[in-house]
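Worksheet for the structure shown next.
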Amino acid sequence: MADAPLLSVDGLTAGYNGVPAIRDLSLDVRAGEVVALLGPNGAGKTTSLLAMVGLVPLLGGEVRVLGAPLGRRRPHQLARNGVLLVPDDRGLFPSLSIREHMRLAARTRDTRREQEVLERFPALLDLGSRRAGLLSGGEQQMLAIAKALLARPKVLIVDEMSLGLAPKIVQDLLPMIGRLARADGIGVVLVEQHIELALQVADRGVVVNHGRAVLAEDAAALLADRDLVEEAYFGAG
Ligand code: ATP
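In this text, residue positions in the sequence shown follow our numbering: the first is 2, and each later residue adds one.
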């Protein structure tokens, strides 16, 4: 079925030492769609993402990737199936240059593909030999996404890309993710603290609070009813 979800999360319950940090989360992501996972600090957002890539074990529910259960597959096996996590620390090596990161990330040496991907991030194009540690926060985030794109992902799971970035930079980066998703047919799940900006880019939003999904709606509906979102966000749960 053309419209089948790339990633399907059904009743996901996951946590640490057998204690759930997130319970009963469900969401679907199809090609070209962006789903924003919103919620206050400690709500269980990162745990949800980690569980989606098998880095935190499921205590209940199911994650299906291209229709097949995640089961015991490890993150590197998932990456081979096209599901990639971009962690909030961006996973970069400060002493390696942009080009070196791209080379490391490419599974086979393919300079044309590296160039193609870099061309989508004009801000990085002229900085190929600059070390990641010397890049601005926004440039580092672009490199983290560029690196992920090299693997031609079907699903990108992006944890708080705006962490530590000025709001003005986030205003550019989030729409860029939306454009990438739509242009390449990539499904994106992103965790964001910038509620409004995230909902402007997303197709759907899910608000988690106190380890539970308390609201799941079309992004446009959530944008139109900020009271509903705030109640979900700040409510006692
Ligand atoms: P933030 O926005 O602050 O990053 P979050 O919504 O991503 O928060 P999580 O990081 O998923 O929330 O944390 C959810 C709960 O799980 C918190 O109570 C946190 O203390 C707990 N937790 C997170 N990581 C671990 C861990 N490795 N071991 C035990 N408990 C953890």
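Glycine residues also receive a C-beta, built at the ideal position from the N, C-alpha and C atoms.
All figures in this text were calculated on a predicted structure; none of them were measured in a lab.
**Request:** Say yes only if the C-beta of tyrosine 17 is nearer than 6 Å to one or more non-hydrogen atoms of the ligand ATP, and no if none qualify.
**Result:** yes
**Message:** Is it buried or exposed, glycine 68, if we count other Cβ atoms within 10 angstroms and call 16 or more buried?
**Reply:** exposed
**Prompt:** With respect to 6 Å, is the separation between the Cβ of alanine 44 and the closest non-hydrogen atom of the ligand ATP below this value?
**Reply:** yes
**Message:** Shorter than 6 Å, the distance from the beta carbon of threonine 112 to the closest heavy atom of the ligand ATP, or not?
**Reply:** no
**Asked** Apart from the five residues just before and just after arginine 113, which ones in its own chain have a Cβ nearer than 8 Å to its Cβ?
**Response** none
**Message:** For the structure I just gave you, are there three or more beta carbon pairs, one from the stretch 159-173 and one from the stretch 98-105, closer than 8 Å?
**Reply:** no
**Message:** So, for proline 41: in the same chain, excluding its five sequence neighbours on each side, which residues have a beta-carbon less than 8 Å away from its beta-carbon?
**Reply:** Asn210, Tyr234, Phe235
**Request:** Could you tell me which of Asp90, Ser98, Leu200, Val36 sits nearest to isoleucine 187, measuring between CA atoms?
**Result:** Val36
**Request:** Check the Cβ-Cβ distances between leucine 136 and every residue of chain C, and say whether any is below 7 Å.
**Result:** No chain C is part of this structure, which consists of one protein chain only.
**Asked** aspartate 152: beta carbon under 6 Å from a heavy atom of the ligand ATP?
**Response** Checking the sequence, you will find alanine at residue 152 rather than aspartate. No.
**Message:** Just checking alanine 22 against the ligand ATP - is the residue's beta carbon closer than 6 Å to any of the ligand's heavy atoms?
**Reply:** yes
**Asked** With 16 other CB atoms within 10 Å as the buried threshold, where does leucine 135 fall?
**Response** exposed
**Prompt:** Would DSSP call methionine 218 helix, strand or coil?
**Reply:** Per the sequence shown, the amino acid found at residue 218 is glutamate instead of methionine. Residue state, collapsed to three classes: strand.
**Message:** If I follow the unbroken beta strand (DSSP E) through arginine 24, where does it start and stop?
**Reply:** 20-30
**Prompt:** Which partner residues of asparagine 210 appear in the DSSP bridge assignment?
**Reply:** Arg213
**arginine 132 versus isoleucine 99 - alpha carbon distance** = 6 Å
**Prompt:** Under three-state DSSP, which class holds proline 70?
**Reply:** strand
**Prompt:** If you run the structure through DSSP and keep just helix, strand and coil, what is valine 10?
**Reply:** strand
**Item:** Top-ranked residue by Cα proximity to glycine 16, from Glu218, Ala52, Arg227
**Value:** Ala52
**Asked** On the premise that proline 154 lies in contact with glycine 83, defined as a C-beta separation below 8 Å, what is that separation, rounded to the nearest angstrom?
**Response** 5 Å
**Item:** Integer-rounded CB distance, given that leucine 60 should sit under 8 Å from valine 207
**Value:** Not confirmed; about 19 Å, so no contact.
**Prompt:** Does the beta-carbon of valine 20 have 16 or more other beta-carbons within 10 angstroms, so that it is buried, or is it exposed?
**Reply:** exposed
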